[in-house]
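**Q** Everything in the sequence shown is counted per my numbering, starting at 54 for the first residue and increasing by one.
My questions all concern the structure below.
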Amino acid sequence: EWERQKLQALRKKQEAEQLRRQKLEEEKQRRLEEARLKREERLRKVLQARERAEQIEQERKRRIEQKIALFDEKTEKVREERLAEEKIKKKAAARKMEEAEARRRHDEEARKQKALQQEEEERRHKELMQKRKEEEQERARKIAEQRQAEQEREKQLAAERELERKKEQERIQAEKTWVKFSGQNLRTAHLQVLRLPSKAGGASLQPVFFLVRLTLCGPPVFQDSPACNSYQMTPQAKRDPKPPVVNPNNYGMDLNSDDSTDDESQPRKPVPAWATGAQLSQAVTRQYYNPPNVDALFGVIASPKLEDIFYKSKPRYFKRTSSAVWSSPP
Numbered sequence: 054e055w056e057r058q059k060l061q062a063l064r065k066k067q068e069a070e071q072l073r074r075q076k077l078e079e080e081k082q083r084r085l086e087e088a089r090l091k092r093e094e095r096l097r098k099v100l101q102a103r104e105r106a107e108q109i110e111q112e113r114k115r116r117i118e119q120k121i122a123l124f125d126e127k128t129e130k131v132r133e134e135r136l137a138e139e140k141i142k143k144k145a146a147a148r149k150m151e152e153a154e155a156r157r158r159h160d161e162e163a164r165k166q167k168a169l170q171q172e173e174e175e176r177r178h179k180e181l182m183q184k185r186k187e188e189e190q191e192r193a194r195k196i197a198e199q200r201q202a203e204q205e206r207e208k209q210l211a212a213e214r215e216l217e218r219k220k221e222q223e224r225i226q227a228e229k230t231w232v233k234f235s236g237q238n239l240r241t242a243h244l245q246v247l248r249l250p251s252k253a254g255g256a257s258l259q260p261v262f263f264l265v266r267l268t269l270c271g272p273p274v275f276q277d278s279p280a281c282n283s284y285q286m287t288p289q290a291k292r293d294p295k296p297p298v299v300n301p302n303n304y305g306m307d308l309n310s311d312d313s314t315d316d317e318s319q320p321r322k323p324v325p326a327w328a329t330g331a332q333l334s335q336a337v338t339r340q341y342y343n344p345p346n347v348d349a350l351f352g353v354i355a356s357p358k359l360e361d362i363f364y365k366s367k368p369r370y371f372k373r374t375s376s377a378v379w380s381s382p383p
């Protein structure tokens, strides 16, 4: 019984040992399985982490490549833009150089044209001044000639008047001589008259003609008598025609001359002397060569002083109201 119990106890012990071993083996298997699972999980995580890292690296590389590509694209674009800008700048510089050259040529041409124009203007000015000088000289010469001609004409008129006066004196002297010797022998009177000196400074024929007339026609009668025609060589006296009595200020204002019937080139009304301009021209010429002394006529005229004329200055404007300043201008 005891052995049976011992065997039973041994069998229980063996069963317990086997159970323990089985549990240990199960625990070991469980631990191994857990370790395998953990190792697989860790390996899976490592693989996932590695795959994630690879994905991240690929993404980083992709981004880097994208950035590089974008940078290259930007760089290429910038390079193209820079080349385009340089090309534009070169074109602009070339255009500016062409414009500057064209402007320089234009300025040079304008300067040449201006110089030529200035030379032409100077030449024209010199020609104009020379022409004016010649015209002034010609005008002065004409005025001098006109003045000399007027002086010569005045001298000639004076000489003619003097000659007429001397002839009249000779005629009066001859009449006095005839009256003086009227009771004497005619031949003696003739000889005395021939001995008279000429008042004109030379041999005058008027006393001779007068004595010949005395001899042939007798003493003169100072009334209306027929002219002597018995001597064919008797010269006819030449007398200047008397000018008609015309009032120079009367130019036919009272004549009936309509504007539509009057010819402007040959008007029926005579032009007055003061309207011809001859007297004005003579007066201007005379005043040009003999100018009046203005200081003697009007005295010395002092120059006006503006500070005396415009002496009042207003620093401000006064507003004129009912109670404002009315004694001075605003």
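Glycine included, C-beta positions come from ideal geometry on N, C-alpha and C.
#1: Does any CB atom of chain C fall closer than 7 Å to the CB of Ala137?
#2: Compute the distance between the beta-carbons of Ile196 and Thr329, then report whether it is under 7 Å.
#3: Would you tell me roughly how many angstroms separate the C-alpha atoms of Thr128 and Arg105, rounded to the nearest one?
#4: Counting only the same chain and skipping the five closest in sequence on each side, list residues whose C-beta sits under 8 Å from that of Phe275.
#5: Going straight from the alpha carbon of His159 to that of Gln201, what length do you get?
#6: How big is the Cα-Cα spacing for Glu223 and Ala212?
#7: Is Tyr341 helix, strand or coil by DSSP?
#8: Nearest-angstrom Cα distance between Gln340 and Pro325?
#9: Using 10 angstroms around the beta-carbon of Ala137, count the other beta-carbons present and answer buried if the total reaches 16, otherwise exposed.
#10: The alpha helix (DSSP H) with Phe351 in it runs from where to where?
#11: Just the Cα atoms here: how many angstroms apart are Glu228 and Lys219?
#12: Give the DSSP-derived three-state secondary structure of Ile196 in the structure shown.
#13: Within the continuous alpha helix (DSSP H) that includes Ala328, where are the two ends?
#14: Looking only at its own chain, which residues have a Cβ that is under 8 Å from the Cβ of Arg103, when we skip the five neighbours before and after it?
#15: Work out the CA separation of Glu205 and Lys186 for me, nearest whole Å.
#16: How many Å lie between Leu181 and Ala331 at the Cα?
#17: In whole angstroms, what separates the C-alpha of Gln171 from that of Lys130?
#18: How big is the Cα-Cα spacing for Gln101 and Glu107?
#19: CB-CB under 8 Å to Glu134, same chain, minus the five flanking residues each way: which ones, in chain order?
#20: Would you report the Cα separation of Glu188 and Gln335, rounded to the nearest angstrom?
#21: At the level of alpha carbons, what is the spacing between Trp55 and Ala62?
#22: Tell me whether Ala62 sits in a helix, a strand or coil according to DSSP, three-state version.
**A** From the atom records:
#1: Absent from the structure: chain C. Only one protein chain is present.
#2: no
#3: 33 Å
#4: With a pLDDT of only 41 at Phe275, under 50, the local geometry of the prediction cannot be trusted, and no value is derived from it.
#5: 60 Å
#6: 16 Å
#7: helix
#8: 23 Å
#9: exposed
#10: 347-351
#11: 14 Å
#12: helix
#13: 326-329
#14: none
#15: 27 Å
#16: 29 Å
#17: 58 Å
#18: 9 Å
#19: none
#20: 19 Å
#21: 10 Å
#22: helix
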